[in-house]
Amino acid sequence: MIKTGLFDQSHLAILKKAVDVYGRRHMVTAQNISNVETPGYQAQRLKFEELLTNEQMRLKGYTTHRNHLPIGGQDFGSARDEIVDADGNFDNGVNNVDIDNEMTNLATNDLSYRMATRLLSMRYNVLRGAIKGQIR
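Going from the sequence shown to my numbering is simple: count from 1 and add 19.
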């Protein structure tokens, strides 16, 4: 099986996971913004990059038999995000939601989401062109 270049599926999995994470992060940030005036609300954030870095730093072993247990890191698609309480000591008088920070996070996340979807679209266009026999 060809594992390099045009037929390498690892980039697709990474881009799909990125789009999923950015979508979930948008929902968490929007929830924080919508609760900016809710007394006692605790701001949240989506923790993913830290978990991903820890997962990538582990060595992954190869199994030589189907009954062997996997050794080391998991594949990229199995990395899970986690919603945690936001750090910081911000106090807006009602709760700990910093609206300026949340709006910045929303804009940054939007740009990241757009970039990931554009890259994913470009990747599929290249594959579509290869299937149709188009030459660039």
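The C-beta atom is built at its ideal place from N, Cα and C for all residues, glycine as well.
Being a predicted model, the structure only gives us computed values, none of them experimental.
With 16 other Cβ atoms within 10 Å as the buried cut-off, status of T57
So T57 ends up on the exposed side.
Output yes or no for whether 7 Å exceeds the beta carbon distance between A62 and V116.
yes
Contact belief for V103 with K66 at Cβ below 8 Å, rounded distance in angstroms:
5 Å
Local Cβ density within 10 Å of N124, reported as buried at 16 or more and exposed below that:
So N124 counts as buried.
Classify E56 as helix, strand or coil using the three-state DSSP reduction.
In the displayed model, E56 falls within coil according to three-state DSSP, outside both helix and strand.
How about R64 and A105: do their beta carbons lie closer than 7 Å?
In this structure, A105 lies closer than 7 Å to R64 by Cβ.
With DSSP collapsed to three states, give me the class of D106.
In the displayed model, D106 falls within coil according to three-state DSSP, outside both helix and strand.
Among H30, A32, L31, K36, which one has its Cα closest to the Cα of D100?
Ranking H30, A32, L31, K36 by CA distance to the CA of D100 puts K36 first.
Own chain residues within Cβ distance below 6 Å of S131, not counting five before or after
Y41
Using the Cα positions of I52 and R133, report the straight-line distance between them to the nearest angstrom.
21 Å
Smallest Cα separation from A126: which of L139, H87, A49?
A49
Report the CB separation of R137 from H30 in whole angstroms; it is logged as a contact under 8 Å.
Not confirmed; about 14 Å, so no contact.
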